[in-house]
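K.L.:
Residue numbers (our numbering): 7 to 224.
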C-alpha cells in the first residue's frame, strides 16, 4: 500500500489578501508559515517518508524545503512541474472581489460548479487538465513506491481538483468535501495506484489554531 500525504503550501501574502496566485503568480510565505511548517513536520515525525515531491512554484518549493529541513532526515526531494498550481489566466493576481465583479458566473462556477466552468472566458486551464496532469504524477509515484509513504507539496486549487479526481468524484461534485487550508494534510491510500481511498481530509489539528481565518482555506 502507498500512502500519500498531500500538503498545501504555507500561507502567503496573497493568500492573506484573498488574491489569486495561480501558476504564473507568487508571493512570499508569511512569517507565521515557517513556524507552522515546523508543526507540520512534528506531526509527520512518526511517518517513514520515502520521498517528497513538490511543485516548482516558490511558495510550494520553499514549504517542501523547510519541511525536509525540519524533519532532519535524508529524504529525497524532487521538483515536478506537473504539481504546479491551476493556471488561472486573467484571474491571476486579481483579488477575489475583483473577479466576482468582473466575471461573476466564472467565479461561481470555479468555486462551486466545476462542471459549468468555461476556462476560455479567462484564458485559464481546465479542471480536466489539472486532474489529468496531477493524477498522472501521483500514479507515477505510486508505481515508484508501491509500499511507501510519499509527501506531495502543492497548491489549494490544484490539490482540491486532483485529489477529488483520484477519488472518482465527478466534476459536478468536485467541491463537495470543501476547501483545503494552508499547511494542511490530506491523506490518500492506494494498493494499485489506480483506486484511491480517503484516509483524512484537510487536517490542520497540529497547527493548534483557536481561530481559523477564512483566508486560510480555498
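Every residue gets a Cβ at the ideal spot worked out from N, C-alpha and C, and that includes glycine.
Nothing here was measured: the structure is a model prediction, and the numbers come from that model.
Where residue 41 and residue 215 are concerned, what is the direct C-alpha to C-alpha distance, given to the nearest angstrom?
P.N.:
12 Å
K.L.:
May I ask you to report which of helix, strand or coil DSSP gives residue 151?
P.N.:
Residue 151: coil per DSSP, three-state reduction.
K.L.:
With distances taken between CB atoms, is the gap from residue 15 to residue 188 smaller than 9 Å?
P.N.:
yes
K.L.:
Could you pull out every unbroken beta strand (DSSP E) segment of at least 3 residues lying fully inside the region 69-105, listed in chain order?
P.N.:
The region 69-105 contains these whole beta strand (DSSP E) runs: 83-85.
K.L.:
State the Cα-Cα distance for the pair residue 133 and residue 45, rounded to the nearest angstrom.
P.N.:
Distance between the alpha carbons of residue 133 and residue 45: 31 Å.
K.L.:
Pick out whichever of 39, 165, 114, 149 has its Cα sitting closest to the Cα of residue 61.
P.N.:
Answer by Cα proximity: 165.
K.L.:
So residue 143 and residue 88 are supposed to be a Cβ contact under 8 Å. How far apart are they, rounded?
P.N.:
4 Å
K.L.:
Between the Cα of residue 7 and those of 199, 224, 207, spot the shortest distance and give me the residue it belongs to.
P.N.:
If we check each option's Cα against that of residue 7, 199 comes out closest.
K.L.:
Under the rule that 16 or more other beta-carbon atoms within 10 Å means buried, what is residue 171, buried or exposed?
P.N.:
Of the other Cβ atoms in all chains shown, 16 or more fall within 10 Å of the Cβ of residue 171; this residue is therefore buried.
K.L.:
Tell me whether residue 84 is buried or exposed, calling it buried when 16 or more other Cβ atoms sit within 10 Å of its Cβ.
P.N.:
With fewer than 16 other Cβ atoms inside 10 Å of its own Cβ, residue 84 counts as exposed.
K.L.:
So, for residue 43: in the same chain, excluding its five sequence neighbours on each side, which residues have a beta-carbon less than 7 Å away from its beta-carbon?
P.N.:
Cβ within range, chain order: 16, 69, 72, 73, 76, 189.
K.L.:
If you draw a straight line from the C-alpha of residue 137 to the C-alpha of residue 161, how long is it?
P.N.:
13 Å
K.L.:
Between the alpha carbons of residue 157 and residue 116, how many angstroms are there, rounded?
P.N.:
27 Å
K.L.:
Is it right to say residue 218 is buried, meaning 16 or more other beta carbons lie within 10 angstroms of its own, or is it exposed?
P.N.:
exposed
K.L.:
Using a threshold of 9 Å, state whether the C-beta atoms of residue 191 and residue 206 are closer than that.
P.N.:
yes
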